[in-house]
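The structure under discussion appears below in the form of structure tokens.
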Amino acid sequence: MKLLLVCGILMTMATASAQTAATRNAATPEPVAQDPRAVRAQDWLTKNLGWLNDEQVRITEIPAPPFRESLRASYLRKLLSCCGLRVRTDEAGNVVAERPGEKGNEVVLVTAHLDTVFPAGTPINVRREGTRIFAPGIGDNSTGLVALAALARALGEAKIKTQRTLVLAADVGEEGEGNLRGVRKLMDTYGNRLRYVIALDGASTDHVTTSGLASRRIEIAVTGPGGHSWADFGVPNPIHALSRSITRFVNVHVPEQPRTTFNIGEIEGGTSVNSIPSRAAIKVDLRSEAEAELDRLEAALREAIEAGMAEELAASRDRGVASGGPNGKLEMKFRVLGVRPGGELPESSPLLAALREADRSLGNRSRLERSSTDANLPLSVGIHAISIGAGGHAGGAHSLGEWYDPSGRELGLHRVLLTVLGIAGMEALPEKLSDK
Ligand SMILES: [Zn+2]
Numbered sequence: 109m110k111l112l113l114v115c116g117i118l119m120t121m122a123t124a125s126a127q128t129a130a131t132r133n134a135a136t137p138e139p140v141a142q143d144p145r146a147v148r149a150q151d152w153l154t155k156n157l158g159w160l161n162d163e164q165v166r167i168t169e170i171p172a173p174p175f176r177e178s179l180r181a182s183y184l185r186k187l188l189s190c191c192g193l194r195v196r197t198d199e200a201g202n203v204v205a206e207r208p209g210e211k212g213n214e215v216v217l218v219t220a221h222l223d224t225v226f227p228a229g230t231p232i233n234v235r236r237e238g239t240r241i242f243a244p245g246i247g248d249n250s251t252g253l254v255a256l257a258a259l260a261r262a263l264g265e266a267k268i269k270t271q272r273t274l275v276l277a278a279d280v281g282e283e284g285e286g287n288l289r290g291v292r293k294l295m296d297t298y299g300n301r302l303r304y305v306i307a308l309d310g311a312s313t314d315h316v317t318t319s320g321l322a323s324r325r326i327e328i329a330v331t332g333p334g335g336h337s338w339a340d341f342g343v344p345n346p347i348h349a350l351s352r353s354i355t356r357f358v359n360v361h362v363p364e365q366p367r368t369t370f371n372i373g374e375i376e377g378g379t380s381v382n383s384i385p386s387r388a389a390i391k392v393d394l395r396s397e398a399e400a401e402l403d404r405l406e407a408a409l410r411e412a413i414e415a416g417m418a419e420e421l422a423a424s425r426d427r428g429v430a431s432g433g434p435n436g437k438l439e440m441k442f443r444v445l446g447v448r449p450g451g452e453l454p455e456s457s458p459l460l461a462a463l464r465e466a467d468r469s470l471g472n473r474s475r476l477e478r479s480s481t482d483a484n485l486p487l488s489v490g491i492h493a494i495s496i497g498a499g500g501h502a503g504g505a506h507s508l509g510e511w512y513d514p515s516g517r518e519l520g521l522h523r524v525l526l527t528v529l530g531i532a533g534m535e536a537l538p539e540k541l542s543d544k
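All residue numbers in the sequence shown are consecutive under my numbering, ending with 544.
So this is what it looks like as structure tokens:
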């Protein structure tokens, strides 16, 4: 399975670079910033920054916990519908708007994730301090969502028609255990028509994500007989067992190069202070720049869990509980919650050229970055994809103290617009994108 995955990635990387070599010269996008239609669209964005700021707050106030994005989705459907666009909601829950281009068989997908990491019931009180707006999810990813809506309007107002078909989507399942199911569904829908993917995620304009960080999310549950804390002392305790395992696992050495990380992000179990619990569970996030390191880390995790359980059973024997008997057992369930394959955008990708051209014309400097985003999945199968911020500044992502500062967001919006136009091509310039 794992070997197949690695081979698959190597093969798709080879395909991607061959494809790029063939299209390199022909598909290099021309500067679009000076085109009067692009100027009109940029003007629209500049004049409507107040609208963007207000809508961003409104979006944030609609909760979108993992697997429960539908309320926010219907609001995005409304926001996207008003631009003469046909908007639908697909089976996965993605909100999808299509702007057909002359080349209907070539699709550029611009997508922003709807979901937040915050569970249902998290209070969302939007608070302002100076230019900063504080609220969970305000940056990640209300910034991307409002930029998507603004992009639809700016293109509509400037009456821009593109060569490639533009698909604008607010997708589900990017965070946590969503396992990229939204973008997976979009890839299924558009199949081999899907040429380029631009994910709008977060705020900053100083980077472009061109490498997908491989990650695995795993839940480990340990179960045992349970019992009374005093009367049954010695019966193996799943919390004790997991604690022993965790102590081992967090001491595992991970390399700096390729950068590899782990996090035990959730722990639960037990029913009362004076009961030996019958179940305890942890959720673990493993990430690496190299798939092979992830394999090693996952193996180390399994080993640590087994060793911790063995140690707890040995302690239980020492305390007089017959091992293997009805009270001397522990069981473990190892469940993979999500797998994000890694992938790389070829340096010579026309999509990267379009982004760089946008940066050049806006006087923006950005560096290449590796991250775990909606772009992972297309990158893992050789579809050219990037993830970029949509402007402004943000901090505290995935925490209750998250904030967003819209100062200077215009730059990010123009960068998104020009990148999209650069790769989708405008109607009047057919000869410039003939990369067949
Ligand atoms: Zn995000």
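Glycine included, each C-beta is placed from N, C-alpha and C at the ideal position.
Model, not experiment: these values are computed from the prediction.
Taking 8 Å as the cut-off, the beta carbon of V216 is found no closer than this to the beta carbon of R145. Beta bridge pairing from DSSP links M440 with V330. Inter-residue distance for P458 and L259 is about 21 Å (C-alpha atoms, whole angstroms).
A straight line joining the alpha-carbon of Y304 with that of G497 spans about 17 Å. Segment contact: the region 479-498 against the region 436-444, fewer than three CB-CB distances shorter than 8 Å; contact not assigned. Spanning the alpha carbons of I232 and R240 requires a straight line of approximately 15 Å. A distance criterion of 7 Å places the beta-carbon of H361 beyond contact range of ligand 1, judged by its closest non-hydrogen atom. Ranked by Cα distance from L187, the options L409, R261 and S396 are led by R261.
With a cut-off of 8 Å on Cβ pairs, the region 339-346 is not in contact with the region 311-327, counting fewer than three such pairs. Per the CB criterion, closer than 5 Å to any heavy atom of ligand 1, the qualifying residues run in chain order as D248, N249 and D309. Distance from V165 to V225 at the Cβ level is roughly 19 Å; contact not present, criterion being Cβ atoms closer than 8 Å.
Secondary structure of H522 (DSSP, three-state): helix.
Under the DSSP definition of a beta bridge, F370 partners with L394. In this structure, the alpha-carbon of T251 lies about 21 Å from that of R289. CA-CA distance, A228 to S386, rounds to 27 Å. When rounded, the separation of the alpha-carbon atoms in M440 and L179 is 37 Å. Taken in chain order, the unbroken stretches of alpha helix (DSSP H) that lie wholly in the region 461-534 and span 4 residues or more are 484-488 and 517-532. Fewer than three beta-carbon pairs drawn from the region 348-364 and the region 308-317 are found closer than 8 Å, and the two stretches are therefore not classed as touching. Nearest to V392 by alpha-carbon distance, out of I413, P454 and I167, is I413. Nearest to G201 by alpha-carbon distance, out of R194, P208 and F175, is F175. For P244, same chain residues with a beta-carbon under 7 Å away, outside a window of 5 residues either side, are T224, F226, T230, I232, L508 and E510 in chain order. Boundaries of the beta strand (DSSP E) around H221: K211 to H221. When C-beta atoms of the region 470-479 are compared with those of the region 511-531, three or more pairs fall below 8 Å, so the two segments count as touching. When secondary structure is reduced to three states using DSSP, S189 falls in the helix class. For D309, no alpha helix (DSSP H) encloses it, and the DSSP letter there is neither H nor E. For T379, the three-state secondary structure derived from DSSP is coil.
About 4 Å separates the beta carbon of L193 from that of A205, a gap short enough to meet the 8 Å contact definition.
For A505 and A311, the gap between their C-alpha atoms comes out near 10 Å.
CA-CA distance, L184 to P333, rounds to 49 Å.
In the DSSP annotation of this structure, the continuous segment of the beta strand (DSSP E) that includes R207 starts and ends at V203 to R207. Per DSSP, the continuous alpha helix (DSSP H) segment holding R404 begins and ends at E399 to D426. The secondary-structure analysis by DSSP pairs D279 across a beta bridge with H221.
In terms of CA proximity to P363, A400 leads the group A462, G436 and A400.
By the neighbour-count criterion, in which 16 or more other beta carbons inside 10 Å mark a residue as buried, R395 falls on the buried side. Counting along the chain, F242 sits inside no alpha helix (DSSP H); it lies in the beta strand (DSSP E) bounded by residues R240 to F242.
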